[in-house]
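Here the structure comes first, spelled out in C-alpha cells, and everything after it is commentary.
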Amino acid sequence: MKKKLCLFTILFFGFSTAFAQNSWELKRNENGIEVYTRNASTGNLKELRVLCKLDATRDELISTLQDIANYSQWVFSNKKSVILKTLSPQKIIYYTQSHLPWPIKDRDLIVELDINSTPDVLNIEAKSLPDYLPQDSNYIRVPYSLATWHVTQTPDNKLKVDYTFSVDPGGSIPAWLVNATLAVGPYNSFVKLRELLRVKYKRNNLAN
642 MKKKLCLFTI LFFGFSTAFA QNSWELKRNE NGIEVYTRNA STGNLKELRV
692 LCKLDATRDE LISTLQDIAN YSQWVFSNKK SVILKTLSPQ KIIYYTQSHL
742 PWPIKDRDLI VELDINSTPD VLNIEAKSLP DYLPQDSNYI RVPYSLATWH
792 VTQTPDNKLK VDYTFSVDPG GSIPAWLVNA TLAVGPYNSF VKLRELLRVK
842 YKRNNLAN
C-alpha cells in the first residue's frame, strides 16, 4: 500500500510540475492586449501567446495579412517584405527582413503563410522555410519560426484572436535576452495592427 501511495505521489506531483512548467504566464496586459509566455517543451527559448479583439471583418484581416509589401506599417522591426510565390489564393511564400538593435545582426526569414477559413473559425499558420533561398551574408537566416492564429467572431462583431508564436532567431543571441524581449515585438505589432484594421473597418462601413 505504501509503495502504491508513493508511486501515485511521484506520478501526481511529477505531472503537476510538468503542467506548471508548460502553463502560460501573463507578462503584459495593456490596451486590451494580453501577452503570455511559457517554457517550450524543448530548448531554452520561450513560446509566446497573445489574446486580443480586433475591430475588423475576416476579409479585412486576411487582406491585411496578405498585403506583404506593407508589413512595415505594423510588423515590429520590419525592414522589407516581398512575395516570392503565390501557391494559391490562401497560401503565399514571402521573404522578410528584420532590423535589430546594434550590435545584434539583422535577420531574414522565408515564411509560408497558409490561411484556412471555415464558417466558424479562421485558422492561419505562418511557418519558416529556412532553406527556400540561399543565405544572404548581410543577414542571419532565422532557422525556425512558427506563428498560428485562431480567430473567431464575437457576439459584438469583433474578431477574437488567439495567437501563438515560437522562434529560434539563430546566431549567437543569448536565450535569456531572447526571452526577456520576446513580448515586445508582438505586443507592438498587435497595437499597430488593431489601429490599422480599425481605420479600414470605419472606412468600409462609411462606404456602405
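Read in order, the letters of the sequence shown are residues 642 to 849 in the numbering used here. Each residue gets a CB set at the ideal place from its N, CA and C atoms; glycine is no exception. Remember, predicted model here, so these are calculated numbers, not experimental data.
Could you tell me which residues DSSP puts in a beta bridge with SER713?
What you label residue 713 is simply residue 72 of the sequence shown in a count that begins at 1. Partner(s): none; SER713 has no beta bridge.
Whose C-beta lies closer than 7 Å to the C-beta of LEU823 among residues of the same chain, with five residues either side of it excluded?
As a working note, residue 823 is residue 182 in the sequence shown. When the five nearest sequence neighbours on each side are left out, the beta carbons in the same chain lying within less than 7 Å of the beta carbon of LEU823 are those of THR678, LYS687 and LEU689, in order along the chain.
Please state if the CB of GLN707 and the CB of LYS833 are separated by a distance shorter than 8 Å.
For the purposes of this step, residue 833 is taken as residue 192 along the sequence shown, with counting starting at 1. For the purposes of this step, residue 707 is taken as residue 66 along the sequence shown, with counting starting at 1. No.
Taking the Cβ atom as the reference point for each residue, do VAL691 and PRO827 lie within a distance shorter than 8 Å?
Against the sequence shown, residue 691 aligns to sequence position 50. Against the sequence shown, residue 827 aligns to sequence position 186. Contact: yes.
With DSSP as the reference, please indicate the residues paired to ALA767 in a beta bridge.
As a working note, residue 767 is residue 126 in the sequence shown. BP columns for ALA767 point to LEU754 and ALA788.
Sorted by chain position, which residues of the same chain lie with C-beta nearer than 6 Å to THR737's C-beta, five sequence neighbours on each side aside?
Looking up residue 737 in the sequence shown gives position 96. If the five residues before and after THR737 are omitted, its C-beta is found closer than 6 Å to the C-beta atoms of SER722 and LEU750, all from its own chain and listed in chain order.
Based on Cα-Cα distance, which residue from ALA710, LEU787 and LYS799 lies nearest to PHE806?
For the purposes of this step, residue 806 is taken as residue 165 along the sequence shown, with counting starting at 1. The option with the nearest alpha carbon to PHE806 is LEU787.
Specify the secondary structure class of ASP761 as computed by DSSP and reduced to three states.
Within the sequence shown, residue 761 is the residue found at index 120, counting from 1. Coil.
Neighbourhood of GLU666 by C-beta, 7 Å cutoff - its chain only, sequence neighbours within 5 removed:
To locate residue 666, count along the sequence shown from 1; it is residue 25. Excluding residues within five positions, the ones whose Cβ falls inside 7 Å are TYR677, THR678 and ARG679.
Could you give the first and the last residue of the continuous beta strand (DSSP E) run that contains SER807?
Stepping through the sequence shown from its first residue, residue 807 is reached at position 166. 800–809 is the span of the beta strand (DSSP E), which, as asked, contains SER807.
Give the DSSP bridge partners of TYR736, in chain order.
Stepping through the sequence shown from its first residue, residue 736 is reached at position 95. In the DSSP output, where bridge partners are listed per residue, TYR736 has VAL723 and ILE751.
On a Cα-Cα basis, can you pick out the residue from ILE734, PRO742, LYS799 and VAL716 that is closest to LYS768?
Taking the sequence shown and counting its residues from 1, the one referred to as residue 768 is at position 127. Of ILE734, PRO742, LYS799 and VAL716, the residue nearest in Cα terms is ILE734.
Give the DSSP-derived three-state secondary structure of ASN670 in the structure shown.
As a working mapping, residue 670 is identified with position 29 in the sequence shown. ASN670: strand per DSSP, three-state reduction.
Give me, in chain order, the residues of the same chain whose beta-carbon lies closer than 8 Å to that of GLN731; leave out the 5 immediate sequence neighbours on both sides.
Against the sequence shown, residue 731 aligns to sequence position 90. Cβ within range, chain order: ASP755, ILE756, ASN757 and SER758.
Measuring CB to CB, does LEU763 end up less than 8 Å from ARG835?
In the sequence shown, counting from the first residue as 1, residue 763 sits at position 122. In the sequence shown, counting from the first residue as 1, residue 835 sits at position 194. No, the Cβ-Cβ distance between LEU763 and ARG835 is not below 8 Å.
Please report the residue range of the alpha helix (DSSP H) in which LEU706 lies.
Here residue 706 refers to the residue found at position 65 of the sequence shown. That run of the alpha helix (DSSP H) goes 699–707.
Between which two residues does the beta strand (DSSP E) harbouring LYS694 extend?
Along the sequence shown, one-based indexing puts residue 694 at 53. Element bounds for LYS694: 687–695.
When DSSP labels each residue in this structure, what does SER718 get in the three-state scheme?
Here residue 718 corresponds to residue number 77 of the sequence shown, with the count starting at 1. DSSP places SER718 in coil when its eight states are reduced to three.
Enumerate in chain order the residues of its own chain whose CB-to-CB distance from GLU766 is below 6 Å, with the five nearest sequence positions on each side excluded.
The sequence position of residue 766 within the sequence shown is 125, counting from 1. The answer, listed in chain order, is ASP755 and THR789.
Local conformation of SER830 per DSSP, three classes:
Looking up residue 830 in the sequence shown gives position 189. Residue state, collapsed to three classes: helix.
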